[in-house]
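Report on the structure given below.
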Amino acid sequence: MAGQGELPPSPDDAVLRSLADQLSGHIAGVQVPVAVFDREMRYVTASDAWRRAFQTGDSPLKGRQHYEVSPWIPAEMRARHIRGLAGEDSTGTVQSSLPDGSTSFARWYVSPIREAGGHISGITVTALDLTAEQDRAASLMDDVSTLERRLETVMEHAGIGVFERDYRSGKLYLSATLRQILGMGPDDEPETAWDILATGDDPRRLEEARARTLPPGSDGTLDMQFATEIDGQPRRLELLGAASVDSPGHQRWMTGVLLDRTRSARLAEALAHSQRLETVGRMAGIVAHDFNNLLTVILSNLEFAASEAEGDLARAHIARATEATRLAAGFGQRLLSLAGPRRSGGHAFEIDTHLAETWNLLHRLLSDGIRVVFVPGAPGAAIAIDKAELDGALLNLVLNARDACGGDDVVTLASGCVTLDATQAARHPHGRAGQYVTVSVTDTGHGMSPETLAQALEPFYTASPGHAGAGLGLTSVALTLNRAGGFIDLDSTLGKGSRVTLFLPLVAPPPASTSAGEVPDRLPMGDGEVVLIVEDDPLVRDATMDRVEALGYVALEAGDVTQALARLDAGEPVDLVFSDVVLPGTLTGFDLMARLGRDYPGMARLLASGHASKHALYDQNSALAVELLQKPYTLHSLAWAMAEALRRVQRQAGTGVIGADRT
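Take 2 as the starting number for the sequence shown in this note's numbering and just add one per residue.
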């Protein structure tokens, strides 16, 4: 037998010719790559499929040495050839690099050719080309890898952590997202995750839940929600998994996902809180409406009493009662800030004057040990925003400042004016260039960390002790400012305090004749014009009729929209309709105003309400503009509002002005 690596002795030429004659014609047409070699590995014959598959060219192959024709034949295949010439059948998959640079994957079959007497005269080599299948498999693997990457990306962005525990090897795999959810570093041992999960509201629940996946008949699924604390923050997590069991009580592996439900839990809690707040708001609206109706009656009668009082002492008592009524009216307006969204915009008013009045209420909310300071810095500057919304925003800020302060801290309310160019505005999130009035609330309390400051304006985020509240305070303040064309700016340093600054557009100050406290003493009187008063509350209706008649008008009454329209349709000679907004039935004072604008365009209109925050007002710049008096209103306010309503329709009719100059 030839030594290892050497070919056995070759046959004579007669044997070669015999092999060629027997096989050449048959093999050439075979549809698979197949070739026959003699003992010197010279070609005896080969199929056309062989030529194509292994790129042997068009020259005749017979008699040519295989390794000279195809020097790329790998050593593994050459070794199989030697074993075949030694009488051994062999098969195997071999990767080869072809002359054109491509790669071939083929399953090779090598079989010895035995002559009579057992003499081996050569070998047959057959190849099953697996290149296409290998390419498809590689493409499939690429697709699988791509899908895995996409799934990992989706799960990462969705905040879904993945785990897999092999109970046979004891190994635990954790995805990067799961580590992030649990606050684990990349070098933390995987078992740390189980320890973190097991420190939830009930450490035994995790193991008990896993144990429930073991009994016969169990579907092997794990589904549990629990609360824990991670990095000092409460978290709500959900664990979903599926187990594979070898035999009852013996798990092979468990795989599953960990979901961070903290935000959705906060959303659910915030929704419940907002629903409670909405209920409180509706109740506040009802209370404010009835309260303001009572104040209207009280103020009306105090005004009449003051006009007839004799003696300084009686007038002093009435003056104090009147002032208390006006203060109570301010309380009612603040109560309305709980009653839901209010109309955007508002009349212009001087900010320092308003803050001085508001501060009397705000400083009462602070603890006795907290020093409070008011620093007016915008004399004569005016803004246009709903006063109740501004007061609600300031209330939020002062309460936050109070919660951040200790006994020796200071809370400062300050105003100012500033002009921002584009560069300066860009330094403030949501800032815009322009002229602004600023209102700031500053405290010397514990301040906020950069992380807390970055999240302070996010909806439902709260840093309140015990995580109280809905986390909507600063968010609602920001929305209020946005509706008024302004923005909010936060500045805080941990351990040194915080400053929240409201930026509101500077507007032209209100006309002197309508500024607070500057209404002329003289009253514009009527001259027998007929006023239809639409009011469902008998006390308010009677008080209003007394006031209207005292101003020189003729008063008619109606209890709702239907009654009012019936009187008008019956031909009552009405000059002005003065209606409450909230009335019995489905129709409101706004509906009545719309009907009058359509059917009685020459009729003056005026509205009053103790609670109109749920209703949209007419565009104050339109031809249908209707003034709204907020209850309780003074006799002065009523007199001037009625005179202006009559003047408006006279101007539209082009017939001159009546009523305003009769005093």
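Every residue gets a Cβ at the ideal spot worked out from N, C-alpha and C, and that includes glycine.
These figures come from a predicted structure and were not determined experimentally.
Cut-off 7 Å between Cβ atoms - residues of its own chain near residue i, not counting five sequence neighbours on either side
i	result
LEU454	LEU491 and SER493
LEU152	none
VAL508	ALA349, ALA383, ILE384 and ALA385
ASP538	ASN294
GLY381	GLU351 and PRO510
ASP49	ALA29
GLU209	none
LEU540	VAL298
ASP410	ILE371, ASP444, THR445 and GLY446
Whole-number beta carbon distance between residue j and residue i, since they are thought to touch under 8 Å
i	j	result
LEU300	PRO511	That belief does not hold up - the Cβ atoms of LEU300 and PRO511 are roughly 23 Å apart, past 8 Å.
VAL535	GLY590	7 Å
ARG283	ARG262	The pair is not a contact, with the Cβ atoms about 31 Å apart (cut-off 8 Å).
GLY446	CYS406	4 Å
HIS637	LEU524	7 Å
ALA544	VAL298	5 Å
ARG596	LEU566	7 Å
LYS497	GLY448	5 Å
THR667	LEU482	This structure does not reach residue 667, given that the chain is present from 2 up to 664, and the question cannot be answered.
GLY665	ALA654	Outside the displayed range of the chain (2 to 664) lies residue 665, so it cannot be described from this structure.
VAL627	LEU607	7 Å
ALA244	LEU223	7 Å
Proximal residues to residue i (C-beta, below 8 Å), its chain only, five neighbours per side dropped
i	result
SER450	LEU495
VAL532	VAL549, TYR554, VAL555, ALA556, LEU557, VAL575, ASP576, LEU577, VAL578, PHE579 and MET643
THR413	VAL373, VAL374, PHE375, VAL376, SER441, VAL442, THR443 and ASP444
GLN621	With a pLDDT of only 43 at GLN621, under the threshold of 50, the placement of this residue in the model should not be trusted, and no figure is reported.
GLY529	GLY553, TYR554 and VAL555
HIS725	With the chain covering only 2 through 664, there is no way to say anything about residue 725.
Close-in-space but distant-in-sequence residues of the same chain around residue i (CB under 6 Å, 5 per side omitted)
i	result
PHE106	GLN96, LEU131, THR132 and GLN135
LEU129	ARG108
LEU240	MET225 and LEU259
THR256	GLU165
GLY162	SER176, THR178, LEU179, ILE182 and LEU259
ALA624	Below a pLDDT of 50, predicted positions are generally treated as unreliable, and ALA624, at 43, falls in that range; the measurement from the model is reported next regardless. Same-chain partners within the cutoff: there are none.
GLU157	THR178
GLN56	LEU99 and PRO100
ALA330	LEU296 and PRO633
GLN436	THR420 and LEU507
ALA517	For ALA517, the pLDDT reaches just 37, beneath the cut-off of 50, and the residue's location in the model is therefore unreliable, although a value from the coordinates is still provided. So the list is empty, once near-sequence residues are dropped.
In DSSP terms, what residue i is bridged to
i	result
PRO191	DSSP, once it has assigned bridges, lists no residue as partnering PRO191.
PRO34	PRO34 is not bridged to any residue.
PHE350	ILE384
SER105	SER97
ASP49	ASP49 is not bridged to any residue.
MET284	MET284 is not bridged to any residue.
SER610	GLN631
PRO235	GLU230
MET185	MET185 pairs with nothing; no bridge assigned.
LEU480	DSSP output for LEU480 lists no bridge partner at all.
ASP570	DSSP lists no partner for ASP570.
HIS73	Contrary to the premise, residue 73 reads as Trp rather than His in this sequence. The partner list for TRP73 (beta bridge, DSSP) is empty, contrary to what the question assumes.
Element boundaries [alpha helix (DSSP H), containing residue i]
i	result
THR424	423–427
SER638	636–654
GLY58	Counting along the chain, GLY58 falls outside any alpha helix (DSSP H), and DSSP gives it neither H nor E.
TYR68	67–70
ARG548	539–551
First through last residue of the beta strand (DSSP E) which encompasses residue i
i	result
LEU524	No beta strand (DSSP E) holds LEU524; DSSP gives it neither H nor E.
ARG166	161–167
TYR437	435–444
SER499	498–506
VAL582	Run containing VAL582: none; DSSP gives neither H nor E here.
GLY123	121–130
ILE489	488–494
GLU558	555–559
VAL531	531–535
LEU593	LEU593 -> not in any beta strand (DSSP E); alpha helix (DSSP H) instead, spanning 590–600.
ARG81	Element bounds for ARG81: not the beta strand (DSSP E) but the alpha helix (DSSP H), 76–86.
ARG372	372–376
Within the chosen definition, does the region 93–104 reach the region 112–123 through at least 3 CB pairs nearer than 8 Å? Under the 8 Å Cβ criterion, the region 93–104 does not count as touching the region 112–123, having fewer than three qualifying pairs.
Using a Cβ distance threshold of 8 Å, determine whether the region 386–396 contacts the region 427–437, with at least three qualifying pairs required. No, the region 386–396 does not touch the region 427–437.
Quick check: the region 28–46 against the region 121–130, are at least 3 beta-carbon pairs closer than 8 Å? As far as the Cβ criterion goes, the region 121–130 touches the region 28–46, which means the pair count is three or higher.
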